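Protein chains in written order, with the numbering used here: chain A, -15 to 208; chain B, -15 to 208.
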């Protein structure tokens, strides 16, 4: 039987770890892809490598991508602070076109590998107002991808899976726990300390902590 | 009156130089974007800088993007030779998902700049079998881009212009000549020598030379 390969975007966070576990559970040989995009905290990349290894990815690559050249986000521009209280509308932690860029590079790698499947751990329920976490964005990207590539021309279907898109954070955590994800290895915080411990205050930490509480599971996050 | 900004993809070749001239002729303040993607010939990037400067771009950036990490094309993989005779189907010079990746990064920059327009010099007539040079690909990318970004959510329209898409090479050359493009500054060849002179043999050289002949204009290309 032919090996079915998938490219899985792995950030080091809770959601993408769960997406990787789901891809593996579906039988895919998983090629994990992370981006060194000038994010403030290198420990995210260390978390991504831990997650890819422990969840059985056949390969993990970290692609250098200097989004600081463009700036425009609290995550890629030192002049913009990460807020510690929720705001209105699209938050300053939104990185312009980030998921479009990440999915495009996943598509490039998928085409070289002969992989017909890409997994991304976006979530529309807790999506914090990011436009590129909505189901209509994922559907439009998939449609474009099937016109962009050799595979599309040759009649092979490229599928973009966003298996968490309709899940609550609690459902994500319960799903991953069932599949053996060790969430103590993941990092979601926007403001971790030098050893990778979470702040417990930022949007991302708040959503994560509420998810463990709602799931009725212990929170293994190392906090500062 | 507000300045209307556009991001223009500039490769150093004939087509993208013409696209830049057309964007300027429409009154846009043009931000030229090139990619250092591991292409075999650094002189392409020198040509891009010359073109951006001489055609009045307000800014030119070269974004490093190591597509050699994925390989899969004669242009990004030393193990694959550039052919000197036309073949069937999608050629080996096709770089997987290249235009998708380039347009995604143009979109990221456009969003930071507040630009509502992106120009790309793709051409479907002489497109050599590349799937990501077809009009249906450009239309699908534009639709996706309007769902991906802050501008889309806020009801501002992002337009992807591919003004050369239905032109023959001769029409492109006549158009650019009318707008003052100096094609002697551009480089289209897949196999230039160390000083940037064209081979005259590869697919790209052949299409270009035939275009000048059909346009009835002298070919200013420096050949080896």
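The beta carbon of each residue, even a glycine, is placed where N, CA and C say it ideally should be.
Only a predicted model underlies this, so the values are computations on that prediction, with no experimental measurement involved.
Test: residue i CB closer than 8 Å to a CB of chain A
{"i": "residue 143/B", "result": "no"}
{"i": "residue 150/B", "result": "no"}
{"i": "residue 85/B", "result": "yes"}
{"i": "residue 137/B", "result": "yes"}
{"i": "residue 127/B", "result": "yes"}
{"i": "residue 51/B", "result": "yes"}
{"i": "residue 121/B", "result": "yes"}
Chain B within 8 Å of residue i, Cβ atoms only
{"i": "residue 43/A", "result": "no"}
{"i": "residue 88/A", "result": "yes"}
{"i": "residue 23/A", "result": "no"}
{"i": "residue 91/A", "result": "yes"}
{"i": "residue 131/A", "result": "yes"}
{"i": "residue 116/A", "result": "yes"}
{"i": "residue 48/A", "result": "yes"}
{"i": "residue 134/A", "result": "yes"}
{"i": "residue 19/A", "result": "no"}
{"i": "residue 1/A", "result": "no"}
{"i": "residue 80/A", "result": "yes"}
{"i": "residue 36/A", "result": "no"}
{"i": "residue 124/A", "result": "yes"}
Residue range of the unbroken alpha helix (DSSP H) whose run includes residue i
{"i": "residue 35/A", "result": "27 to 38"}
{"i": "residue 138/B", "result": "Residue 138/B -> no alpha helix (DSSP H), and no H or E assigned at all."}
{"i": "residue 45/A", "result": "No alpha helix (DSSP H) holds residue 45/A; the beta strand (DSSP E) holding it covers 43 to 48."}
{"i": "residue 17/B", "result": "Not the alpha helix (DSSP H): residue 17/B falls in the beta strand (DSSP E), residues 13 to 20."}
{"i": "residue 187/B", "result": "187 to 199"}
{"i": "residue 171/B", "result": "Taken as a continuous stretch (DSSP letters only), residue 171/B belongs to no alpha helix (DSSP H), as it is neither H nor E."}
{"i": "residue 54/B", "result": "That residue, residue 54/B, is in no alpha helix (DSSP H); it is neither H nor E in DSSP."}
{"i": "residue 92/B", "result": "82 to 97"}
{"i": "residue -1/A", "result": "-2 to 9"}
{"i": "residue 162/B", "result": "153 to 162"}
{"i": "residue 148/A", "result": "Premise fails: residue 148/A is in no alpha helix (DSSP H) and is neither H nor E."}
{"i": "residue 132/A", "result": "119 to 132"}
Cβ-Cβ separation, residue j to residue i (assumed contact under 8 Å), whole Å
{"i": "residue 90/A", "j": "residue -9/A", "result": "5 Å"}
{"i": "residue 209/A", "j": "residue 39/A", "result": "This structure cannot speak to residue 209/A, because chain A is shown only from -15 to 208."}
{"i": "residue 172/A", "j": "residue 84/B", "result": "With a Cβ gap of about 28 Å, residue 172/A and residue 84/B do not count as contacting."}
{"i": "residue 13/A", "j": "residue -6/A", "result": "No, residue 13/A and residue -6/A are not in contact; Cβ-Cβ is about 15 Å, not under 8 Å."}
{"i": "residue 115/B", "j": "residue 79/A", "result": "Contact flag wrong, Cβ pair sits at about 28 Å."}
{"i": "residue 128/A", "j": "residue 196/B", "result": "The Cβ separation is near 34 Å, so there is no contact."}
{"i": "residue -3/A", "j": "residue 29/A", "result": "Wrong, their Cβ atoms sit about 12 Å apart, outside the cutoff."}
{"i": "residue 1/A", "j": "residue 165/A", "result": "5 Å"}
{"i": "residue 81/A", "j": "residue 199/B", "result": "The Cβ separation is near 37 Å, so there is no contact."}
Where the beta strand (DSSP E) through residue i begins and ends
{"i": "residue 102/A", "result": "101 to 103"}
{"i": "residue -11/A", "result": "-11 to -7"}
Contacts that residue i makes with chain D (C-beta to C-beta distance below 9 Å)
{"i": "residue 55/B", "result": "Of the chains in the structure shown, none is chain D; the protein chains are A and B."}
Given 8 Å, three or more beta-carbon pairs between the segment 172 to 180 of chain A and the segment 137 to 153 of chain A: Taking a cut-off of 8 Å on C-beta distances, the segment 172 to 180 of chain A does not touch the segment 137 to 153 of chain A, as fewer than three cross pairs fall below it.
Segment contact, 8 Å Cβ cut-off, at least three pairs: the segment 126 to 135 of chain B with the segment 22 to 30 of chain B: With the cut-off at 8 Å, the segment 126 to 135 of chain B and the segment 22 to 30 of chain B do not touch.
Segment contact flag, the segment 149 to 159 of chain A with the segment 93 to 102 of chain B, C-beta cutoff 8 Å, min 3 pairs: Not touching, per the Cβ criterion.
Cβ pair count under 8 Å reaching 3, the segment -2 to 16 of chain A against the segment 159 to 167 of chain A: Yes, they touch.
Three-pair Cβ contact test at 8 Å for the segment 179 to 194 of chain A versus the segment 45 to 56 of chain A: Because the criterion of three Cβ pairs below 8 Å is not met, the segment 179 to 194 of chain A and the segment 45 to 56 of chain A do not touch.
At least 3 beta-carbon pairs within less than 8 Å: the segment 198 to 208 of chain B vs the segment 24 to 33 of chain B: Here the segment 198 to 208 of chain B makes no contact with the segment 24 to 33 of chain B; the two share fewer than three CB pairs at distances below 8 Å.
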